[in-house]
Every structure is written in structure tokens, then in C-alpha cells.
Amino acid sequence: MNKQILSGIKPSGDLNIGGYGGALSQFVQYQHDFECFFFVPDLHAITVPQDPQQLARRTREIAAFYIAAGIDPTKSAIFLQSQVPAHTELAWLLETQASFGELGRMTQFKDKSNGKESVSSALFTYPVLMAADILLYQATHVPVGEDQKQHLELTRNLAERFNHRFGETFVVPEPLIQDIGSRIMGLDDPTKKMSKSNPNLSSYVLMLDPPDTIRKKFARAVTDSESSVRCDWDTKPAVSNLIEIYSVFANEPVEIIEKRYAGEGYGTFKKDLAEVVVDKLVPIQEKFKEIVDSRELDDILKRGAQKASEKAYDTLKRAKQAMGLVTF
Ligand code: AQP
């Protein structure tokens, strides 16, 4: 297989259906067409303060969700970023090639540091670590949500700059932008992305929410004033968001859903939506519970780190040699 993908979900909060729709459900599809490296970017999570016990728990949980959702660990490498030290080593090499000015232009840094008295320097340099994550595996494609486009552009610039200065070393990755699920918005506010770190618990449905909680959260989700079930992000963002969630979870095109609910009110649609989500999540939750504290998960992660390390160290060595660092 000559197409590679690298992607992951940060253990910075409990996983919700935004991360499932925008990332995890897509990962499951990609494994058939690409050689895949799915990692848990724990080093990215610690760019903002984390409770150590919660971080450890969430890291295992994200890995368990990968498997519970259907990623086959015998086909794709599943591993923890901090288990493969080549990530931080390559990040340092790339930091020597990134300029302070270009990192300062990253809008996510501006957003995340906005209004804070103090932020870590790692939050500032984290796009370079992300570039290292991608370039280590010579990824040809990277799935990106809207908010990660700028970081992927930086990755491409760094790869091109490095190749130009030191000779062909890195594959320049292409973005893989999906149409459906690339923007799942909050249930309380369709102008804001459904986010793990949102303190408002009713803004998201968690992957581990029990069925009744899921039903309640969808019943309370905001809608728009005009009452037809129709997708129009400009004038009906709240309902469009719910239709998008339905589409991801039922694996059905938006048009089919719109036809099915033509003439129906929001109440029926929201009830059905909750059932579609419950039907998808219950089996994932069951598998998750079997695996999350198991030795099997430890073994999968160890094997994944081994497989990832082989590829990562090969690239790292080439990058070091290209820069004139002595290797043996
Ligand atoms: N609501 C979403 N809609 C579509 N895609 C989403 N993703 C996350 N939330 C949504 C996509 O999932 C991938 C992994 O994201 P991440 O967890 O590593 O980082 P994030 O995008 O920063 O997620 P959060 O939930 O917003 O975390 P916090 O609050 O900690 O920053 C990415 O491809 C992302 O686009």
C-alpha cells in the first residue's frame, strides 16, 4: 500500500460525538484504503494544564474507543505519542526550521491564548510537533477538520523548506477533507464547534452517555424558528447541525433525511435522531467496557508503538543525516 495516513484524537477531555463524527468514524473507513497510523496525541494534550490521573485515564479511553469503534489493530498501528520519542526529537529538528513569526500567525494559538495571563511555550510550538507527527510516517494524506487546515499548511511548508535546504527527506502531505461530519457544532450553540473542553455539559453528547441521557440532550438541543427539517447552514444552522449528526450516525445522505422528514416537526426528528445515535453508540460502549482496562489493550499499544517506531526512526535518522548530525 503506498498511501499512508496519520491521525489522532487528543485526550484533552472525554470523547464526544463531534470527535466521533469528525475523526473516529472516518478512521474506521480509511483503514481499508490506506496504511494507517492512529495515535493518541498525549503530548499535545499537555500543552494546556491536565490533571495527571485524568490524563492517564482518558489516554487509555481514547485508545479503547479506536478499537471499540472498529479500527483493526492487526491492520493499523494504534499507539501513544509519548511512547515513540522520535516525535519530540523530530519536533526539535523542525523547530530549527520554523520561524517565530509564522508560529505567531497560527489562529488556534491566538484563540487558545486569548485572555489568558500565561500560556505554556509548548502551546506556541505545538504545530511543529504536529508537523513532526505527520512527517515521521511519511504520511501522504492527513484528515483535517476546518480548524486544522492552517496547521497542515505549516506542515507542508516545513516539509518543502526542509527538502529544499537539505535534500528530499519528507513526503509533502495532502489534506483529506471530508464533506460530512467535518463540522459538528454544539447542541447549545450551532456557531461553536462541539468541543471536549466546553464546560457546558449539554453542549455535547459523550460517547459514554447512557441512552436516556442521549435522548434528553437531543430533546433539549436548540433548533431554529422556522419549523421544517431542512439543511441550510446560513439560515438554519441548529437544525442543519442535527441533520449532519443524523447523516453521520445513520450513514445516510442529507437529502434522504430531508425527504424522510418533509412535513414532520422537530419533535419527531429529534426523537429519531436520538435513537439513531443510541443504536450506534451502545455496541461501541459495550466493546469499550470490555477492552479499556484489559491487558489486551496494553499489548495492542505496545505492538503499535513498536511498529510506529520502526518507521519513525527510519525517517528521523534520514532527517538527522541530512542536517549533518552524526548518526551511527
Ligand atoms: N465537533 C467536531 N466536528 C468535527 N470534527 C471534530 N473534531 C473534533 N471535534 C469535532 C476532529 O477530531 C479530530 C481530533 O480532534 P482533537 O480531539 O485532537 O482536537 P480538537 O479538534 O481540538 O478537539 P476538541 O474537542 O475541540 O478538543 P479541545 O476542546 O481539547 O481543543 C480533529 O481532526 C478534529 O477536527
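Residue 314 in the working numbering sits at position 187 of the sequence shown, and the numbers go up by one each step.
Where is the CB? At the ideal position from N, CA and C, for every residue including glycine.
Under the 8 Å Cβ criterion, the region 264-279 counts as touching the region 307-315, having at least three qualifying pairs. Contact holds between the region 142-161 and the region 369-383, because three or more Cβ pairs, one in each stretch, are under 8 Å apart. Under the criterion of beta carbons closer than 8 Å, Phe297 and Ala286 qualify as touching, at roughly 4 Å.
For Ile136, the shortest C-beta to heavy atom distance toward the ligand AQP is below 7 Å. Apart from the 5 residues on each side of it in sequence, Arg187 sits with its Cβ closer than 8 Å to the Cβ of Val419, Asp420 and Leu424 in its chain, given in chain order.
For Gln412, the uninterrupted alpha helix (DSSP H) segment begins and ends at Tyr393 to Ile418.
Counting along the chain, the unbroken beta strand (DSSP E) around Phe166 starts and ends at Glu162 to Val167.
Set against 7 Å, the gap from the CB of Gln156 to the closest heavy atom of the ligand AQP is not smaller. Of all C-beta pairs linking the region 446-455 to the region 231-238, fewer than three are shorter than 8 Å, placing the two stretches out of contact.
In the DSSP assignment, Val375 falls within the alpha helix (DSSP H) that extends over Pro364 to Ala377. Beta-carbon to beta-carbon, Thr174 and Leu221 are separated by about 16 Å, too far to satisfy the 8 Å threshold.
Cβ contact annotation for Glu417 (same chain, cutoff 6 Å, sequence separation greater than five): none. When C-beta atoms of the region 190-204 are compared with those of the region 161-172, three or more pairs fall below 8 Å, so the two segments count as touching. By alpha-carbon distance to Ser226, the top candidate from Met321, Lys397, Phe289 and Gly145 is Phe289. Set against 7 Å, the gap from the CB of Ala259 to the closest heavy atom of the ligand AQP is not smaller.
For Gln448, the Cβ stays outside the 7 Å cut-off from all heavy atoms of the ligand AQP. Taking 7 Å as the cut-off, one finds at least one heavy atom of the ligand AQP near enough to the beta carbon of Pro270. When the Cα atoms are used, Met334 and Ile341 turn out to be separated by approximately 9 Å.
In this structure, Met321 has its beta carbon less than 7 Å from a heavy atom of the ligand AQP. Residue pairing by DSSP places Ala204 opposite Phe164 in a beta bridge. Taken atom to atom, the span from the alpha-carbon of Glu391 to that of Met321 is near 26 Å. Contact between Phe345 and Lys407 is absent: CB atoms are separated by about 13 Å, not below the 8 Å threshold. Between the region 259-266 and the region 424-442, the count of Cβ pairs shorter than 8 Å is three or higher; the stretches touch. Residue state for Met450 is assigned as helix, using DSSP reduced to three classes.
Proximity to Pro138 across Arg283, Asn129, Pro179 and Gln158 peaks at Pro179, based on C-alpha coordinates.
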